[in-house]
Amino acid sequence: MEQYSFAICPPPYIVGEVRDMKQKLKSALGTRFGSVNSEAHITFNVFRCEDAELESRIKVVQEFCTLAFAKEIRFDAFGHYSNGAFFLSPDSESYTYIKYMMILFHKLHSDFNSKMSDDPHMSIGRQLTTSQLEIAYEAFATERPSLSFSFDRLGLRRFNRSRMQYDVVESFPFLGFEMFIPTQGNLGF
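Okay, so the sequence shown: first residue is 3 according to the numbering used here, each after it adds one.
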């Protein structure tokens, strides 16, 4: 069984900016850390499956993408989780839209076994200690991130065992058009 993930895969210029941030953090810490070599992405889910199940999952994603519409999203702050992840946070409008898309995506994938992500972010570092998180905030103290791009597709990523990283193996463009924009208080169904 192969391991896969559906994710927002930003364009190359964003991948490059996040790579630079990871290298800056690596330099500040003086050591490697979890996700230092991972390309920028926003995970929707992670799963293991055989080829037949993958085909079924792809059909569901293609359905999702016929309804989904492109929207500019922006990451403008740093944040962290108690598990040691240091990341870029989307602004509130982008957060609401990505979260809305995640909810729809997860509803369509409810028949499949997956580890679902429900808090949109772009990791810079993972598995950092408390003192490493402090160093991360110090390293970026004078910076205010401002990364924007069009969220107009989902990527299918497959785990590459030789590189120990995910490779994007397929991309699914959004084909829908904007019908309504969810608001912070209007995410429920």
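Glycine is no exception: its CB is placed at the ideal position from the N, C-alpha and C atoms.
Nothing here was measured: the structure is a model prediction, and the numbers come from that model.
Chain-order list of residues whose beta-carbon lies under 6 Å from that of residue i (same chain, five-residue window excluded)
i: His43; result: Ala9 and Cys11
i: Glu172; result: Leu158
i: Ala79; result: Ser91
i: Lys73; result: Tyr99 and Phe153
Coarse secondary structure for residue i, derived from DSSP in three states
i: Leu177; result: coil
i: Gln134; result: helix
i: Tyr15; result: helix
i: Thr45; result: strand
i: His108; result: helix
i: Asp169; result: strand
i: Met118; result: strand
i: Glu4; result: strand
Pick from the options that is closest to residue i, judged by C-alpha positions
i: Leu135; options: Glu172, Thr98, Ser84 and Phe161; result: Ser84
i: Thr33; options: Leu130, Asp22, Val63 and Ser7; result: Leu130
i: Leu110; options: Lys61, Ser91, Ala30 and His82; result: Lys61
i: Phe142; options: Met23, Met124, Asp121 and Lys117; result: Met23
i: Val17; options: Ile126, Glu145 and Ser164; result: Ile126
i: Ala87; options: Gly178, Val38, Asp78 and Phe153; result: Val38
i: Glu55; options: Leu27, Glu74 and Tyr6; result: Tyr6
i: Ile105; options: Pro122, Glu95 and Asn115; result: Pro122
Contact check, residue i vs residue j, beta carbons under 9 Å
i: Leu149; j: Val48; result: no
i: Met103; j: Arg50; result: no
i: Asp53; j: Arg76; result: no
i: Leu156; j: Met124; result: no
Cutoff 7 Å; reference residue i; Cβ partners in own chain excluding five residues on either side
i: Cys67; result: Leu156, Phe174, Pro175, Phe176 and Leu177
i: Glu41; result: Val17
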